[in-house]
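Only one structure is covered here, and it is reproduced in the block below.
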Amino acid sequence: MTSYRIHPAIGIGRLGNTPRGASEGEGWYIGPERPGVPPGWDAEAHRYRDFRSKDGVFAQGVRFRIFKYSEKGGPVELPLDGSGEVSWIEWKVELANRKAAFFKFWGPLGQGTFYGSPLHWFPFVRRNPHVRLAEREEKLVLSSSASTLRSTERGAVEELANRHAATRSTIQTLGDMRVDAAGRLIVCGGHGHSVFLSDLNAGVAREKSLTSYANNDGWFDDISDGPVSAVLHFADGSTANIDGADGAWFVCAPPDFAPAVPPVRSLWDTLMDVFIRSRGKELSEDPMFLGTHWPDLAMAWESDPRWLKGYRVSFVRDIQPILEAASRIPAVFSTASRPVAHQRLAPEYLGRLGGKRSEDDARRGIFAKLRAPGTRAYDPSEMPLSHGDYLPLEPATGLIKYLVRLATRWPVLPRTLHTISEVQYALLRRWAEGDFEADWDESQSAIDERSPITAVGLDQAALQHGVGGAFFPGIEASWLLVDPRLYARPFRLKRGCVLRSFGATGPIIVRPGFITAQMALPWQADFASCKKTTGVTNLTAVAWWPSQRPDDVLVAAPGAMTSSPRMWAPGIDSIQDDNDRHLKMVETWSEQRFVIEEEGLGLILRDDGGDADDVS
Numbered sequence: 003m004t005s006y007r008i009h010p011a012i013g014i015g016r017l018g019n020t021p022r023g024a025s026e027g028e029g030w031y032i033g034p035e036r037p038g039v040p041p042g043w044d045a046e047a048h049r050y051r052d053f054r055s056k057d058g059v060f061a062q063g064v065r066f067r068i069f070k071y072s073e074k075g076g077p078v079e080l081p082l083d084g085s086g087e088v089s090w091i092e093w094k095v096e097l098a099n100r101k102a103a104f105f106k107f108w109g110p111l112g113q114g115t116f117y118g119s120p121l122h123w124f125p126f127v128r129r130n131p132h133v134r135l136a137e138r139e140e141k142l143v144l145s146s147s148a149s150t151l152r153s154t155e156r157g158a159v160e161e162l163a164n165r166h167a168a169t170r171s172t173i174q175t176l177g178d179m180r181v182d183a184a185g186r187l188i189v190c191g192g193h194g195h196s197v198f199l200s201d202l203n204a205g206v207a208r209e210k211s212l213t214s215y216a217n218n219d220g221w222f223d224d225i226s227d228g229p230v231s232a233v234l235h236f237a238d239g240s241t242a243n244i245d246g247a248d249g250a251w252f253v254c255a256p257p258d259f260a261p262a263v264p265p266v267r268s269l270w271d272t273l274m275d276v277f278i279r280s281r282g283k284e285l286s287e288d289p290m291f292l293g294t295h296w297p298d299l300a301m302a303w304e305s306d307p308r309w310l311k312g313y314r315v316s317f318v319r320d321i322q323p324i325l326e327a328a329s330r331i332p333a334v335f336s337t338a339s340r341p342v343a344h345q346r347l348a349p350e351y352l353g354r355l356g357g358k359r360s361e362d363d364a365r366r367g368i369f370a371k372l373r374a375p376g377t378r379a380y381d382p383s384e385m386p387l388s389h390g391d392y393l394p395l396e397p398a399t400g401l402i403k404y405l406v407r408l409a410t411r412w413p414v415l416p417r418t419l420h421t422i423s424e425v426q427y428a429l430l431r432r433w434a435e436g437d438f439e440a441d442w443d444e445s446q447s448a449i450d451e452r453s454p455i456t457a458v459g460l461d462q463a464a465l466q467h468g469v470g471g472a473f474f475p476g477i478e479a480s481w482l483l484v485d486p487r488l489y490a491r492p493f494r495l496k497r498g499c500v501l502r503s504f505g506a507t508g509p510i511i512v513r514p515g516f517i518t519a520q521m522a523l524p525w526q527a528d529f530a531s532c533k534k535t536t537g538v539t540n541l542t543a544v545a546w547w548p549s550q551r552p553d554d555v556l557v558a559a560p561g562a563m564t565s566s567p568r569m570w571a572p573g574i575d576s577i578q579d580d581n582d583r584h585l586k587m588v589e590t591w592s593e594q595r596f597v598i599e600e601e602g603l604g605l606i607l608r609d610d611g612g613d614a615d616d617v618s
């Protein structure tokens with residue numbers, strides 16, 4: 003039976019405030035479409051493209067393609083330029099921002115309290131609690147109409163206009179859509195605008211107050227998400243709808259200011275971990291994964307989750323991406339011990355870790371420093387040195403401090419420090435014990451920019467540079483996204499799925515705005531606050547998401563033996579007052595520089611016009 007799907011299943015776009023045209027490079031660029039290729043990589047020029055201009059930051063768009071599934075084999079991309087069986091296609095996109103109408107973000111504690119208990123009736127658990135349920139959709143939700151564009155409308159740009167009357171003067175659109183020369187859809191998100199409405203802000207002390215990293219009543223931004231669907235019009239006059247479980251989802255997130263530094267645990271890693279551990283059989287049954295290693299990994303996990311017996315662990319495919327991601331962290335997050343701890347992960351050491359003469363002691367030494375999934379102990383000497391899904395507070399006053407300690411002493415709390423996924427950990431265990439394919443080759447290219455574009459590759463590439471934790475709340479998405487009930491099939495959101503239904507707030511349902519509803523409001527407040535912080539039990543500096551929101555850069559002259567760290571955003575990170583720091587990020591987010599990689603220089607901090615400082 004023939005069917006059609008849109009890929010990537012979940013596409014990640016990023017805000018940009020530069021004026022946009024119809025063609026790539028005119029204020030926007032297309033996000034990753036091949037696994038292992040970083041955002042903004044220009045395969046023709048073999049370098050990173052510019053991420054900003056004199057007018058601001060370029061938006062990252064997502065290009066959606068349609069693949070044909072049949073019984074004859076794996077999915078094949080469908081020509082949309084009129085040369086094949088399809089005459090033309092009608093694309094449809096619908097975006098929304100539901101942040102102001104959602105619960106306050108209180109970390110994963112909300113999952114078992116006000117998200118799932120009678121506490122949801124209390125006003126203090128909701129953003130903008132003074133707005134009645136009957137009015138919340140109208141007053142607090144930003145949305146676009148279900149905009150359409152034909153594949154034949156080359157050069158046209160369709161604005162995804164904001165229908166929320168109160169914010170429309172500042173947030174005019176939630177994004178825009180266009181088609182490329184082959185009729186594929188390209189979607190870009192918002193422009194990075196945030197606005198405060200004083201008449202919705204009865205509980206805040208002063209105008210434009212931004213005291214919270216995540217929950218600020220009266221504020222709105224143009225982060226958004228929503229479904230992407232299509233109608234195929236065939237040469238014989240028939241049509242086919244591609245929506246629901248076959249459609250896709252677009253998510254607009256903040257910029258990735260360190261595109262050359264992938265997360266150690268990506269959003270792809272986290273979601274794949276969810277499917278392997280809870281719905282692994284579907285990976286074997288889904289034709290998208292035909293000929294890939296994912297079904298074998300899922301079967302190995304089901305039979306032996308500790309040692310993955312029967313699965314062939316490849317250093318290049320399974321291990322090297324984790325180690326390389328970790329090796330780049332010192333360029334964007336620095337402590338006194340950080341460079342030393344990561345020295346053995348540097349590229350020049352890869353032969354000792356994954357080559358024919360890999361060293362047992364080197365592999366086991368690295369594995370011994372990894373924090374095991376599920377670890378509750380607060381030990382910043384283990385990797386990764388970053389916060390987890392739960393941040394224990396340490397109030398200053400004596401009585402409150404005592405009560406907090408008492409309340410958190412016995413319950414089993416979520417992770418206080420971040421870990422790699424359970425599947426990643428099992429793969430690394432096999433590698434540490436020497437049971438793997440030592441297929442590292444020093445002549446191999448670090449970026450495989452010419453590999454064919456595939457359906458599963460598009461899904462992986464789109465999520466590979468999103469952070470898979472800590473979800474506090476995260477950068478692109480939070481812990482709501484890892485609920486297996488959300489998905490009709492791997493990575494395909496089940497539109498209309500009701501996770502919970504509440505009398506006081508309405509249902510938590512998969513609809514436009516669902517993915518980003520948990521995220522910080524406005525996003526700049528979280529981006530400003532989630533710089534490296536001192537640990538709760540000692541003086542060790544701990545990171546949040548340095549692969550996208552850098553903390554430091556190690557600046558040195560090319561060839562220098564030493565380097566010195568400096569703040570990535572000194573004009574913001576040096577501000578002590580939370581309110582002032584958050585407001586400063588609202589004003590200046592687009593002035594920050596990007597950490598990229600350049601041949602002969604390593605990782606660099608590049609400004610407009612190609613000016614760069616070495617950070618390797």
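In terms of this note's numbering, the sequence shown opens at residue 3 and continues consecutively. Beta carbons are placed, not taken as given, at the ideal position from N, Cα and C, and that holds for glycine.
- Residue nearest to A247 within the set H9, P524, M3, R595 is H9 (criterion: CA-CA distance).
- M179 sits in a strand when the DSSP states are folded into three classes.
- The alpha-carbon separation between D391 and I188 amounts to approximately 33 Å.
- Secondary structure note for S280: its alpha helix (DSSP H) is the uninterrupted segment 269-280.
- Secondary structure note for H235: its beta strand (DSSP E) is the uninterrupted segment 226-236.
- For R128, the closest alpha carbon among the candidates A242, D554, F105 is that of F105.
- Within the segment 16-47, the runs of beta strand (DSSP E) that reach at least 3 residues and sit entirely inside it are, in chain order, 30-32.
- Taking a cut-off of 8 Å on C-beta distances, the segment 213-223 touches the segment 96-110, as three or more cross pairs fall below it.
- Under a 10 Å Cβ-count criterion, I32 is classified as buried, with 16 or more other Cβ atoms of the shown protein chains found around its own Cβ.
- The continuous alpha helix (DSSP H) containing R583 extends over residues 580-590.
- By the CB criterion at 8 Å, E160 and S149 fall inside the cutoff.
- Under a 10 Å Cβ-count criterion, R359 is classified as exposed, with fewer than 16 other Cβ atoms of the shown protein chains found around its own Cβ.
- Contact between the segment 155-175 and the segment 49-67 is not established, with fewer than three Cβ pairs separated by less than 8 Å.
- Within the same chain, Cβ atoms closer than 7 Å to the Cβ of G42 are found at Y31, Y50, R51, F53, P261, the five residues on either side in sequence being excluded.
- For the 8 Å CB-CB criterion, S453 and Y215 do not form a contact.
- Secondary structure of F107 (DSSP, three-state): coil.
- Burial check for G18: the Cβ neighbour count within 10 Å reaches 16 or more, so the residue is buried.
- Taken through DSSP and simplified to helix, strand or coil, G367 comes out as helix.
- Bounds of the alpha helix (DSSP H) holding W525 are 525-531.
- Counting of Cβ neighbours within 10 angstroms places I278 among the buried residues, the total reaching 16 or more.
- Here the alpha carbon of H235 sits roughly 7 Å from the alpha carbon of A242.
- Scanning its chain for C-beta atoms nearer than 7 Å, with the 5 sequence neighbours on each side dropped, one finds around E26 the residues I32, in chain order.
- V143 has its alpha-carbon roughly 13 Å from the corresponding atom of R134.
- P77 and D288 have their C-alpha atoms some 10 Å from each other.
- Three or more pairs of CB atoms, one per stretch, sit closer than 8 Å, so the segment 262-274 contacts the segment 454-465.
- The segment 417-425 makes no contact with the segment 354-370: fewer than 3 CB pairs, one atom from each, lie closer than 8 Å.
- By the C-beta density criterion, A11 is buried, having at least 16 other C-beta atoms within 10 angstroms.
- A distance below 8 Å separates the beta carbons of S280 and P486.
- In this model, E478 and V253 are separated by some 7 Å (Cα to Cα).
- Under the 10 Å beta carbon count, P125 is surrounded by fewer than 16 other beta carbons and is classified as exposed.
- In summary, T20 is buried, with 16 or more beta-carbon neighbours lying within 10 Å of its beta-carbon over all protein chains present.
- In the DSSP assignment, R128 forms a beta bridge with F105.
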